[in-house]
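In this note's numbering, the protein residues as written are 378 to 613. Idealized CB from N, CA, C, for every residue including glycine. Worksheet: one structure, shown below.
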């Protein structure tokens, strides 16, 4: 159904390095047309826009993925916006006010958010991938690559997750960027945009599928504090 989230695995599992199994690209596209996530061994990240999946690496390379690629963590929705606004400017810090009345009136719901704009600047980072199969995301984050691009059109897509969802997701905004010319993309840490179309929807249902491979059940999944989660994954 439209505006439901299908999620594979939980962020706390990714934090502990469990990033080896998951559904294929062909399988996940049965659940929606917009989303984000990561690839096997966390070797970069993905954005799903208009039913197409793009993978960006720590070396600032971007490619369209094939149907057999697997994703150990992802969130995807059939995006049908219920709120659309045209704005002269927008930044990461002004998104909450721009999303009124969806925030704060739906602050305990998940929201899906898409931003189409001309970006004067976008700052983003990409996780480099595990050096061994048990390397944790919190350690990978120490080696993440930071990039920025300027004066180009593009799209941001992602989710607002409520505070109680930490561990399953990451509370606050989690947004990925894709340049319109498919030249760059990554996990957004800041932006300045103009000529903006902001679209959003309140998520009606949040469904999580847990991995059933042996590695997932090998040891208890820990609870991670909000600061540690945001250091690894958050846009805030």
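Its chain contains 533 and 575 as the residues whose beta carbon lies nearer than 6 Å to that of residue 492, once the 5 sequence neighbours on both sides are disregarded; these appear in chain order.
In this structure, residue 380 places its C-beta atom within 7 Å of the C-beta atom of residue 578. Taking one beta carbon from each stretch, the region 537-546 and the region 430-446 have fewer than 3 pairs nearer than 8 Å; the two do not touch. Per DSSP, residue 480 is not a residue of any beta strand (DSSP E); the alpha helix (DSSP H) it occupies stretches across 479-482. Annotated three-state conformation of residue 590 is coil, per DSSP.
Unbroken alpha helix (DSSP H) runs of no fewer than 4 residues, entirely contained in the region 493-538, are found at 514-517, following chain order. Going by DSSP, residue 455 is part of no beta strand (DSSP E) at all; its letter is neither H nor E. Sequence-distant partners of residue 446 (beyond 5 residues in either direction) whose C-beta falls short of 7 Å from its own C-beta, in its chain, are 401, 402 and 416. Beta-bridge analysis with DSSP links residue 424 to 413 and 431. Distance from the Cα of residue 489 is smallest, within the candidate group 476, 495, 404 and 500, for 476. A check of alpha carbon separations from residue 384 across 395, 448 and 393 identifies 448 as the nearest. Partner residues in the beta bridge of residue 384, as assigned by DSSP, are 452 and 585. By the Cβ test, the region 496-503 is in contact with the region 551-571, since at least three Cβ pairs between them sit closer than 8 Å.
For residue 576, the secondary structure class from DSSP, reduced to helix, strand or coil, is strand. Take residue 399, set aside five residues on each side of it, and the residues of its chain with a beta-carbon closer than 8 Å to its own are 385, 386, 417, 447, 448, 449, 450, 451 and 588, in chain order. Partner residues in the beta bridge of residue 489, as assigned by DSSP, are 536 and 578.
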